Amino acid sequence: MTTSDRGESLALELRDISKKFGAVEALTEVSLKVRPGSVHALLGENGAGKSTLMRVAMGIVTPDTGTVSVFGRVSLGASVRSAAISGLGMVHQHLSLADSLTAVENVALGGSGRFDPRHVAERLRAVATASGLEVPLDVPVKDLSLTQRQRLEILKALAADARVLILDEPTAVLAPAEVRDLLAWIRGFAANGGSVVLVTHKLREALSVADEITVLRRGRVVFEGPASGNTEASLTRAIFPEVPTSRNVAAVSPGEEVVAAKEVSVTDDRGVVRLRSATFSLRRHEIVGVAAVEGAGQNELLQAIGALRRPASGSLRLPGRVVVVPADRHRDGIIQSMSLAENLALRGVGPARGRVPWSRVRERTRNLMQRFGVVAPTELELAATLSGGNQQRLVVGGALEEPVDVIVADNPTRGLDLNSTAFVHEQLRAAAAAGALVVVHSSDLDEVLSLATRVLVVYQGGVREAGLDRDRVGGLMLGAA
Amino acid sequence: MVLLSLWWLSPTGDALDVVSAFWRGSFGTTSAFFSGTLVRAIPLALIGAGLCIAFRAGVFNIGAEGQLMAGAVAATVVGLEQSFGPLQLVLAVLAGALGGAAWAGIAAVLKRKYGVLEVISTIMLNFIAANLVAYLVRGPLQEPTAVYPQTELIATSARLARFVPDSRLHLGILLAAIVCAGAWWFLKETAAGFRVRAVGASPSAAAVVGRVDVPRVTARALIVSGAFAGLAGGVEVTGVTYALYENISPGYGFSAIAVAILAGLRPNFVPLTALLFAALETGALGMQRDAGVPSVVASALEAVVILATLALGSGVLKRSLAGQAA
Numbered sequence: 365m366t367t368s369d370r371g372e373s374l375a376l377e378l379r380d381i382s383k384k385f386g387a388v389e390a391l392t393e394v395s396l397k398v399r400p401g402s403v404h405a406l407l408g409e410n411g412a413g414k415s416t417l418m419r420v421a422m423g424i425v426t427p428d429t430g431t432v433s434v435f436g437r438v439s440l441g442a443s444v445r446s447a448a449i450s451g452l453g454m455v456h457q458h459l460s461l462a463d464s465l466t467a468v469e470n471v472a473l474g475g476s477g478r479f480d481p482r483h484v485a486e487r488l489r490a491v492a493t494a495s496g497l498e499v500p501l502d503v504p505v506k507d508l509s510l511t512q513r514q515r516l517e518i519l520k521a522l523a524a525d526a527r528v529l530i531l532d533e534p535t536a537v538l539a540p541a542e543v544r545d546l547l548a549w550i551r552g553f554a555a556n557g558g559s560v561v562l563v564t565h566k567l568r569e570a571l572s573v574a575d576e577i578t579v580l581r582r583g584r585v586v587f588e589g590p591a592s593g594n595t596e597a598s599l600t601r602a603i604f605p606e607v608p609t610s611r612n613v614a615a616v617s618p619g620e621e622v623v624a625a626k627e628v629s630v631t632d633d634r635g636v637v638r639l640r641s642a643t644f645s646l647r648r649h650e651i652v653g654v655a656a657v658e659g660a661g662q663n664e665l666l667q668a669i670g671a672l673r674r675p676a677s678g679s680l681r682l683p684g685r686v687v688v689v690p691a692d693r694h695r696d697g698i699i700q701s702m703s704l705a706e707n708l709a710l711r712g713v714g715p716a717r718g719r720v721p722w723s724r725v726r727e728r729t730r731n732l733m734q735r736f737g738v739v740a741p742t743e744l745e746l747a748a749t750l751s752g753g754n755q756q757r758l759v760v761g762g763a764l765e766e767p768v769d770v771i772v773a774d775n776p777t778r779g780l781d782l783n784s785t786a787f788v789h790e791q792l793r794a795a796a797a798a799g800a801l802v803v804v805h806s807s808d809l810d811e812v813l814s815l816a817t818r819v820l821v822v823y824q825g826g827v828r829e830a831g832l833d834r835d836r837v838g839g840l841m842l843g844a845a
Numbered sequence: 060m061v062l063l064s065l066w067w068l069s070p071t072g073d074a075l076d077v078v079s080a081f082w083r084g085s086f087g088t089t090s091a092f093f094s095g096t097l098v099r100a101i102p103l104a105l106i107g108a109g110l111c112i113a114f115r116a117g118v119f120n121i122g123a124e125g126q127l128m129a130g131a132v133a134a135t136v137v138g139l140e141q142s143f144g145p146l147q148l149v150l151a152v153l154a155g156a157l158g159g160a161a162w163a164g165i166a167a168v169l170k171r172k173y174g175v176l177e178v179i180s181t182i183m184l185n186f187i188a189a190n191l192v193a194y195l196v197r198g199p200l201q202e203p204t205a206v207y208p209q210t211e212l213i214a215t216s217a218r219l220a221r222f223v224p225d226s227r228l229h230l231g232i233l234l235a236a237i238v239c240a241g242a243w244w245f246l247k248e249t250a251a252g253f254r255v256r257a258v259g260a261s262p263s264a265a266a267v268v269g270r271v272d273v274p275r276v277t278a279r280a281l282i283v284s285g286a287f288a289g290l291a292g293g294v295e296v297t298g299v300t301y302a303l304y305e306n307i308s309p310g311y312g313f314s315a316i317a318v319a320i321l322a323g324l325r326p327n328f329v330p331l332t333a334l335l336f337a338a339l340e341t342g343a344l345g346m347q348r349d350a351g352v353p354s355v356v357a358s359a360l361e362a363v364v365i366l367a368t369l370a371l372g373s374g375v376l377k378r379s380l381a382g383q384a385a
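From first to last, the protein sequence lines stand for chains A and B.
Counting from 365, one number per residue, gives the positions in the first sequence under our numbering.
Counting from 60, one number per residue, gives the positions in the second sequence under our numbering.
In structure tokens form, the structure reads like this:
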């Protein structure tokens, strides 16, 4: 047990952390200091080492060199339990809750000894009240919205007496209003003496909420300092050597109609009507942005257009070649335990007959890797070994490898860095220019608006045409007339 | 350690005795090898190949034993007919496969229509099949003299040829080799086989990206594995027993689970692991016979290997499922 060499004790201090995975230097002498009562933004592109650094802090990954101390105590022996004991809690980007258990049961999972639901519920209710994070405690997690699940994850950490919270891309899945709420909550938590490490791609959020900023690039700290005095442009320059610019393609006039929906209603898995009597007509060359707050029925709309869910009523005419870029790439987009070539062979294998032409598939995969910049030693590499950005390039590349009539992309750039995001946008624009209809939804309204040639807003199951005006679209998303 | 425990268990206190009894029972003599080990390996390989397909699809068919029985019943019914002529053998073996498929089909329908887990339904169907056989060999199918609880011998035209002199080794071994090779080729090369692997590895990705009808693929994988088990039942009747009776299978359907898992769910390794387990069983019988090691010890030994296999198996399974090169 030692104290920090500085006078005041830091909430979290990572000192000279280095970590190699094989020959790859994931982190090189990285230091991070988080003061009590402050919000510290950790920025960097995909693969910069943010996640690894936070996993080191949490004791999930053991560093080769360097020390982790929480409130001046050096954590001995890396383990999640010791991290929790010392007051450190983390909310992962991919939430890790047991779907069929209630909030109370989920929180009790991390505990030890006898399970007393009333005691846990009381504790949780007290923490929820104190922190202002309200979550229904007695329903199974699978019936909670993403926002509620995220709040529950935070509550879980707080119930374990966490005074330092690590939030990994917490706004990736949230609607704009929810993002504002969360950021406000983070400020309040810090104002009451808590500390937050915010891992994010979104510079605006970092600038609006953080006191201090650390930028990682290729496993090294390239910037650290107070947030004030920085701008999005200055941070972008720190994260990327070159600033990628989003290229605006000259608008092509819409082509023939490819998707025609008349009075279409769609139900979810539980038979609840999520989309009501939607009527719309979508054409080639269009990039149709779908804007909605979470749970408004946009999932069912996208699934219906993506030919993944049959309408319960109404008529929906779809063309033959419809491809989907799913929102959850880990679950729906790729098979981690299969090779890149096998993942490419997967696309549309449902109705296939006879043999899989493996040598042809491998050749196609090599071409695709080159064309879409998927970095891997060979096409036989397992998808699991790729970084998130490369995996997404594989998914998008697979979808756009051949000309298609309709591409449905749900949060196609979720968790991607700016370079990869720009790349995906470019590909979607190119597909539209080549004659496809692109339907894109993103929880980031600005992304929808930057891509779309027209916008459909879904609000409580109703679909409405909106212009490209940000305020108008935002208003409709929240139910304005 | 195994040797030590054998020495301790051996009534004569001589471990070498036990080991040599094991060896004589499994590989040591031509008759043990051809009539014992190889003959036992045939149903294990047939069932194991089918289970590779089911397990790869993420379908936990624990009911191969019952499916084998159903196949044996069907093959016996066809084999007992006296009027089928030269095609009777083929018909009897095919009937076995159909019987097994139908028995697994019950579980497949229960799963699709009512969401009954196949782990439960196939286990239950094992009991039903065993009792069905017990009833049949004492009732409708019992031999005319009605002395023993077994059927009459099947027609000679319904029997698989034995081709090694003075041994029970029958043509089923060729069938087993072909089935293993076929299952391997199916999983590796065909679109349907790839769907099976994809559904097992990630049902959601298979449905979304692959547009695969997941419930249909899992139902088919279950039925195919049932057909392979039924085939094994048909081959046992037409190649080894020539009649139906209770306990026609010494738990082939269960040992085959370990056979498939030890093979890493790769049908091309199934012949090897089937041979290993067959040798283990015949060797254990040899120990019991020649060295007086009680049969309980023999089955305990088998159970230890199965447990060790399962323990190792989880790793093997992960690695093999971790996508083999295309």
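Even glycine gets a Cβ: it sits at the ideal position worked out from N, Cα and C.
A quick note: this is a predicted structure, and the numbers were derived from the prediction, not measured.
Nearest residue (CA-CA) to residue i, options the options
| i | options | result |
| --- | --- | --- |
| A:Phe553 | A:Arg437, A:Ala602 and A:Ser402 | A:Ser402 |
| B:Ser216 | B:Phe222, B:Glu140, B:Leu228 and B:Ser94 | B:Glu140 |
| B:Val196 | B:Thr89, B:Thr135 and B:Val178 | B:Thr135 |
| B:Thr249 | B:Leu75, B:Ile112 and B:Ala333 | B:Ile112 |
| A:Gly718 | B:Val356, B:Pro262, B:Val268 and B:Phe253 | B:Phe253 |
| B:Ser284 | B:Leu146, B:Tyr207 and B:Val238 | B:Val238 |
| A:Leu488 | A:Ala462, A:Gln514, A:Ala523 and A:Leu473 | A:Ala523 |
| A:Asp428 | A:Ala412, A:His458, A:Val394 and A:Leu459 | A:Val394 |
| B:Leu339 | B:Val206, B:Gln201 and B:Arg83 | B:Arg83 |
| A:Arg640 | A:His649, A:Val628, A:Leu461 and A:Val821 | A:Val628 |
| A:Lys414 | A:Val573, A:Val561 and A:Ile698 | A:Val561 |
For residue j and residue i, believed in contact at Cβ under 8 Å, the rounded distance
| i | j | result |
| --- | --- | --- |
| A:Ala740 | A:Asn754 | 7 Å |
| B:Gly107 | B:Ala129 | B:Gly107 to B:Ala129, Cβ: 18 Å. No contact. |
| B:Ile282 | B:Gly164 | 5 Å |
| A:Ala795 | A:Ile771 | 6 Å |
| A:Asp525 | A:Val455 | 15 Å between Cβ atoms; not a contact. |
CA-to-CA distance, residue j to residue i, given in whole angstroms
| i | j | result |
| --- | --- | --- |
| A:Ile577 | A:Asp507 | 36 Å |
| B:Leu233 | B:Leu103 | 13 Å |
| B:Ala359 | B:Gly293 | 29 Å |
| A:Leu680 | A:Gly831 | 23 Å |
| B:Gln209 | B:Gln347 | 26 Å |
| B:Gly174 | A:Thr777 | 36 Å |
| A:Arg695 | A:Ala773 | 15 Å |
| A:Gly423 | B:Val255 | 38 Å |
| A:Gly761 | A:Glu664 | 24 Å |
| A:Ser701 | A:Thr742 | 15 Å |
| A:Gly825 | A:Asp502 | 26 Å |
Any chain A beta carbon closer than 8 Å to residue i
| i | result |
| --- | --- |
| B:Thr277 | no |
| B:Arg254 | yes |
| B:Phe272 | A quick correction: the sequence has Asp, not Phe, at residue 272 of chain B. Yes, B:Asp272 lies at the interface with chain A (some Cβ there is under 8 Å from its Cβ). |
| B:Val268 | yes |
| B:Glu202 | no |
| B:Ser314 | no |
| B:Ala264 | yes |
Cutoff 8 Å: residue i Cβ touching any chain B Cβ
| i | result |
| --- | --- |
| A:Pro690 | yes |
| A:Gly339 | Here chain A has residues from 365 to 845 only, and residue 339 of chain A is not among them. |
| A:Asp463 | no |
| A:Val720 | yes |
| A:Ser806 | no |
| A:Arg717 | yes |
| A:Leu635 | The sequence shown places Gly at residue 635 of chain A, rather than the Leu named in the question. Cβ-Cβ to chain B under 8 Å: no for A:Gly635. |
| A:Leu710 | yes |
| A:Ile603 | no |
Closer than 7 Å: residue i CB and nearest the ligand MG heavy atom
| i | result |
| --- | --- |
| B:Arg279 | In terms of ligand content, the structure shown is empty, and the ligand MG therefore cannot be addressed. |
Beta bridge counterpart(s) of residue i as assigned by DSSP
| i | result |
| --- | --- |
| A:Ile577 | A:Ala405 and A:Gly589 |
| A:Gln514 | In DSSP, A:Gln514 forms no bridge with anything. |
| A:Ile771 | A:Val687 and A:Val802 |
| A:Arg719 | B:Thr249 |
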